[in-house]
Amino acid sequence: MTSIYFGEEHESFRRTVRQFLESEVAPFAREWEEARRIPRETFRRMGDLGFLGILFPEELGGTGASIFHALAFLEELPRSLMGGFVASVSVQSFIATGALHLHGTEGQKRRWLAPSIAGTMVGAIAISEPDTGSDVAAIRTTARREGGAWVIDGAKTWITNGVEGDFVVVACRTDGDAGAGGLSLIVVEADTPGFSRTKLRKMGWHSSDTGELTFENVRVPIGNLVGGENEGFYLIMETFVLERLVTAATSIGSTRLALEETRKYVLSREAFGRPIGKFQAIRHRLADLHAELEAAAQLVYHAAWLHERGENPVAEACMAKLLATELSKKTADECLQFFGGFGTVEEYPMERFFRDARFGTIVAGTSEIMREVIAKAAIDGVTFPKREAGEAAPAPEPNPGDLAPPAPFDGAAEPAFEAGETFAAGDLVPDLFEADVTETLDSVFTEVSAAAAPAESEPVSVEEFPAPDPEPPASPLEATEPSFFAPPPSPAPVIHDVVTLVTGPPSIAMKLPVPANVVELFETLPIRFRPDRAAGWNARFHFRFKDAARSDWTVVIEDGTCRTVEGHDGTPDCVVTTTEKTYLGIESGQQSPETAFLLGKVKVSNIGAMTKFGRAFRKVAT
Ligand SMILES: Cc1cc2nc3c(=O)[nH]c(=O)nc-3n(C[C@H](O)[C@H](O)[C@H](O)COP(=O)(O)OP(=O)(O)OC[C@H]3O[C@@H](n4cnc5c(N)ncnc54)[C@H](O)[C@@H]3O)c2cc1C
1250 MTSIYFGEEH ESFRRTVRQF LESEVAPFAR EWEEARRIPR ETFRRMGDLG FLGILFPEEL
1310 GGTGASIFHA LAFLEELPRS LMGGFVASVS VQSFIATGAL HLHGTEGQKR RWLAPSIAGT
1370 MVGAIAISEP DTGSDVAAIR TTARREGGAW VIDGAKTWIT NGVEGDFVVV ACRTDGDAGA
1430 GGLSLIVVEA DTPGFSRTKL RKMGWHSSDT GELTFENVRV PIGNLVGGEN EGFYLIMETF
1490 VLERLVTAAT SIGSTRLALE ETRKYVLSRE AFGRPIGKFQ AIRHRLADLH AELEAAAQLV
1550 YHAAWLHERG ENPVAEACMA KLLATELSKK TADECLQFFG GFGTVEEYPM ERFFRDARFG
1610 TIVAGTSEIM REVIAKAAID GVTFPKREAG EAAPAPEPNP GDLAPPAPFD GAAEPAFEAG
1670 ETFAAGDLVP DLFEADVTET LDSVFTEVSA AAAPAESEPV SVEEFPAPDP EPPASPLEAT
1730 EPSFFAPPPS PAPVIHDVVT LVTGPPSIAM KLPVPANVVE LFETLPIRFR PDRAAGWNAR
1790 FHFRFKDAAR SDWTVVIEDG TCRTVEGHDG TPDCVVTTTE KTYLGIESGQ QSPETAFLLG
1850 KVKVSNIGAM TKFGRAFRKV AT
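Residue 1487 in the working numbering sits at position 238 of the sequence shown, and the numbers go up by one each step.
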């Protein structure tokens, strides 16, 4: 089918990949499946051929190619005739290495990413645990600081490349009280004392090693932290779109291959004096599968196209993953039927296709979780805003030619959520929000310490404000000046309070009532200030509440004091844009801070500074 997405350069790359797989991989499929491993030499060979760094920058040995080169590669991978090979290579070249690419330091990239691209190292990503899979926020594996080291304790399971891999990017809990906002990604190398692994035996994907990992007092250098401390959840979330596109694309490839193999078989196998492919009962079913394949493929390409444009196709990627993996499962089942008894024997590829196709609807977010996300978009009207031009990108070191990093949510669209709504796992970022959210503002901006905060010292450019909500204005003042693009002149700054507090740990008894409006909020904020948590830190924050009559506020933290000023005063280190309703909802524990941030209900220009801000204030009573 002629494509608007794939040109000759992609097709030529596709032919190269196919030739390699058919000559150097597929002939060994049975051997590697039985050995339950892929020879390391094959990774090195793929590294030499440039297959393991398609989206990574050239300076690290990658190709810096487009997402459609990646899709061509991924669609061909099933020609290895091993779902396990597909999984292992996909994890190596797109998933385990994703956070290192976007958020790793130069040293980390040199140590783990460049060798992964070269195929001299194999990587894994360990998120799932014996007690939690879909619900990432429930991770229990802990990492605590001890001197210059992280000390890790816990267990992971189902980890692809977990046993043979040279390093594992491990999702650990570094803050026990902070839910999703208390996770961090830490690299553990294979030979680290206390780190042990065992291989699981599965019904399919035999050639990929799937490991159970145990961490007992595992000490790794502090520098093995990828991205910021307690930002791990957001780094994981950030890679979801690509991970789902990867799984969708390989499922499209395996469906196409299954149909090709079936076509050959039904045209050669005879029954009642004619090829079985002449029976209408079979032809129509194959015709349906072909039609579904093309529809699913086009959705995968469309989602990939949106992704490459820098959109944030969360729902589209989930739709693509859902349809493609479910179709692959159905096709393998139906086609096995057309092979009759031969479909069940190991000499024919259908037997393995059938077993291997079963995994797609479980890994990279289950079909149920995909439906949850899609339902949020389709039924609840949730939108996933894209990054605006000029907005701080999540990747600290964006590389031209790379995939545009997934966009942070920018608040441009106000989704149809109400304060007080709780979210089940799989809401937006399916694996995160399980329980009612009880965090208060103290933890809010700890929680929103999303991926790739710009350095705190970075200058902040004050952003364009999003268009006003379509809701009726909340006050007479706003009614006369409804647009934030032309806000009323701010009144002269009024200093509300200057408080120097004694240092000391917070106590429940010191919690203040939830403020009723932003005026109360800013009047009481200095009283909640904790100078012990802001030692040596001076910072200035500009707040804008889109729906409040007194919309603009400045918070100044300086020399162990906090003061609030009405209006925007001085040059901010961080600009926060939200609505009064959202902010107070967060304060009262009715609005999930993560959700508010992820949906763009709270827009923060400097997440590193905001994280620190969140820690510097006592909780309000809830
Ligand atoms: C071969 C293989 C390789 C894997 N590789 C990796 C890897 O490299 N790294 C890694 O971290 N993980 C890996 N995984 C784990 C995989 O990501 C999880 O299996 C998956 O996320 C599901 O988690 P779970 O198995 O714990 O199921 P659970 O989360 O316990 O779910 C069980 C069932 O409940 C359903 N369910 C859960 N929540 C909801 C909800 N809110 N609404 C409706 N239904 C729901 C699920 O859809 C599922 O049907 C791998 C798994 C397999 C099988």
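From the three backbone atoms N, C-alpha and C, an ideal C-beta is built for every residue, glycine too. Just so it is clear, the structure is predicted and the values come from calculations on it, not from any experiment.
Residue i vs residue j beta-carbon contact at 9 Å
| i | j | result |
| --- | --- | --- |
| T1820 | K1852 | no |
| A1546 | A1573 | yes |
| A1246 | F1862 | As displayed, the chain neither begins before 1250 nor continues past 1871, which places residue 1246 out of reach and without an answer. |
| G1614 | S1503 | no |
| S1800 | V1825 | no |
| L1432 | V1418 | no |
| I1253 | E1413 | no |
| L1301 | A1367 | yes |
| V1490 | H1556 | yes |
| G1361 | T1346 | It should be pointed out that residue 1361 corresponds to Trp in this sequence rather than to Gly. Taking 9 Å as the Cβ cut-off, W1361 and T1346 qualify as a contacting pair. |
| L1494 | V1549 | yes |
| F1262 | A1336 | no |
| A1392 | E1487 | no |
| L1320 | F1255 | yes |
| G1411 | G1353 | no |
| V1400 | V1436 | no |
| F1334 | W1407 | no |
DSSP three-state assignment for residue i, whether helix, strand or coil
| i | result |
| --- | --- |
| V1763 | coil |
| R1523 | strand |
| F1588 | coil |
| V1515 | helix |
| G1191 | The shown model of the chain, from 1250 to 1871, leaves out residue 1191, and the question about it has no answer. |
| I1890 | With the chain represented from 1250 up to 1871, any question about residue 1890 goes unanswered, as that position is not in the structure. |
| E1385 | For the sequence presented, residue 1385 should be read as Val rather than Glu. Helix. |
| E1614 | The amino acid at residue 1614 is misidentified as Glu; the sequence shows Gly. Three-state result, G1614: coil. |
| H1455 | coil |
| F1334 | helix |
| L1449 | coil |
| P1598 | helix |
| N1466 | strand |
| G1256 | coil |
| T1371 | A small fix is needed here, since residue 1371 is Val in this sequence, not Thr. V1371: coil per DSSP, three-state reduction. |
| F1714 | Low confidence applies here, because F1714 scores a pLDDT of 32, under 50, leaving its location unreliable; read the following figure in that light. If DSSP states are grouped into helix, strand and coil, F1714 belongs with coil. |
| V1412 | coil |
| E1438 | strand |
| S1433 | strand |
| E1461 | strand |
| A1427 | coil |
| R1263 | helix |
| R1789 | strand |
Residue i at chain B interface by Cβ criterion, 9 Å
| i | result |
| --- | --- |
| N1466 | Among the protein chains of the structure shown there is no chain B, as only one such chain exists. |
heavy atom of ligand 1 below 8 Å from residue i C-beta
| i | result |
| --- | --- |
| S1383 | yes |
| T1459 | yes |
| E1617 | yes |
| V1563 | no |
| V1340 | yes |
| L1409 | The question names Leu, but residue 1409 in the sequence shown is Thr. The answer is yes for T1409. |
| S1377 | yes |
| A1317 | The identity of residue 1317 in the sequence shown is Phe, whereas the question assumes Ala. For ligand 1, not one heavy atom lies less than 8 Å from the Cβ of F1317. |
| E1282 | no |
| F1444 | no |
| F1608 | yes |
| K1578 | no |
| E1413 | no |
| K1448 | no |
| E1621 | yes |
| A1336 | yes |
| I1435 | no |
| W1454 | yes |
Residue i CB to nearest heavy atom of ligand 2 below 8 Å
| i | result |
| --- | --- |
| G1614 | Inclusion of ligand 2 in the displayed structure is not the case, the ligand content consisting of ligand 1 alone. |
Where in the region 1281-1323 do unbroken runs of the alpha helix (DSSP H), each at least 4 residues long, occur, reported from the N-terminal end onward? 1289-1297
Which runs of the beta strand (DSSP E) spanning at least 3 residues fall entirely within the region 1794-1852, listed in chain order? Here the runs fully enclosed are 1801-1807, 1810-1815 and 1823-1827.
In chain order, which continuous runs of the alpha helix (DSSP H) of length 4 or greater are located wholly inside the region 1548-1594? 1563-1587
Where in the region 1466-1505 do unbroken runs of the alpha helix (DSSP H), each at least 4 residues long, occur, reported from the N-terminal end onward? Secondary structure remark: continuous alpha helix (DSSP H) runs of at least 4 residues inside the region 1466-1505, in chain order: 1481-1487.
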